[in-house]
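Take a look at the structure set out below.
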Amino acid sequence: MAMFKAGAEAATRRCADVINAADGDDAGLCAALAAHGETVPSLRPDEARQLRDAAARIRPVARAGSLEEACARLNEVLAACGPPRLTAHEDTPWHLHVDSGDDAGWGEWFTASSAMALAILVAEHQQPPLGVCQAPGCDRVFPTHSPGRPRRYCSATCSSRARVASHRSRV
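Using our numbering, read the sequence shown as starting at 214 and increasing by one per residue.
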């Protein structure tokens with residue numbers, strides 16, 4: 214289970230990074246995927262659109278106000294994915310996929326792999342797998358599966374800015 218969980222955590226970080234890159238240009242989407250080991254020199258316009266659509270389908274999981282709502286949103290995404298199957302494509306060891314095939318497009322692959330990873334983490338941690346930064350003016354998505362207290366901010370920078378703003382408002 215630890216290896217499965219580690220893969221789910223990595224896929225969840227990739228999921229958050231792609232969702233955050235979806236508002237930018239195609240090069241940003243490629244960079245987000247490449248940062249997580251995917252080989253994507255460029256995206257065709259239809260591939261970029263499919264990735265952006267996939268990110269938009271998953272973002273409501275992050276915006277959910279409760280575990281129950283996150284699970285309901287995630288179940289909607291999972292319902293659109295294929296049944297689990299084992300594959301060993303491109304010299305990789307056997308592993309699970311929930312997309313339609315090894316030649317599935319970037320959007321379908323991203324939706325399916327992200328949904329499966331998020332579901333694994335919900336089952337493991339019993340908390341929403343993604344959150345949206347609570348800093349004013351920031352809507353970046355981040356994984357919530359960190360040790361210690363639940364996260365409220367996407368980064369130390371946003372946390373610090375919010376803390377300073379809160380302090381200044383009291384002074």
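By construction, the Cβ of each residue, glycine as well, lies at the ideal position given by its N, Cα and C atoms.
Quiz prompt | Runs of alpha helix (DSSP H) wholly within the segment 256-339 (minimum 4 residues, chain order) | solution = 258-276, 280-292 and 319-338
Quiz item: For the segment 294-302 against the segment 238-247, are there 3 or more C-beta pairs whose distance is under 8 Å?
Solution: Contact between the segment 294-302 and the segment 238-247 is absent, because fewer than three Cβ pairs lie under 8 Å.
Quiz prompt | Identity of the residue in Ala-224, Glu-251 and Cys-243 nearest Pro-258 by Cα | solution = As a working note, residue 258 is residue 45 in the sequence shown. The option with the nearest alpha carbon to Pro-258 is Cys-243.
Exercise. Check Ala-369 in the structure and name its three-state DSSP category.
Key: For the purposes of this step, residue 369 is taken as residue 156 along the sequence shown, with counting starting at 1. Here DSSP, grouped into helix, strand and coil, assigns Ala-369 to helix.
Quiz item: Can you list, in chain order, the residues of its chain whose CB lies under 6 Å from that of Arg-376, leaving out five sequence neighbours each side?
Solution: Your numbering for residue 376 matches position 163 in the sequence shown. None.
Quiz item: Going along the chain, which residues of its own chain have a beta-carbon closer than 7 Å to the beta-carbon of Ser-359, five neighbours each way excluded?
Solution: Your numbering for residue 359 matches position 146 in the sequence shown. Same-chain partners within the cutoff: there are none.
Exercise. Pull up the DSSP beta-bridge partners for Leu-343, would you.
Key: Within the sequence shown, numbered from 1, the residue matching residue 343 stands at position 130. DSSP, once it has assigned bridges, lists Pro-356 as partnering Leu-343.
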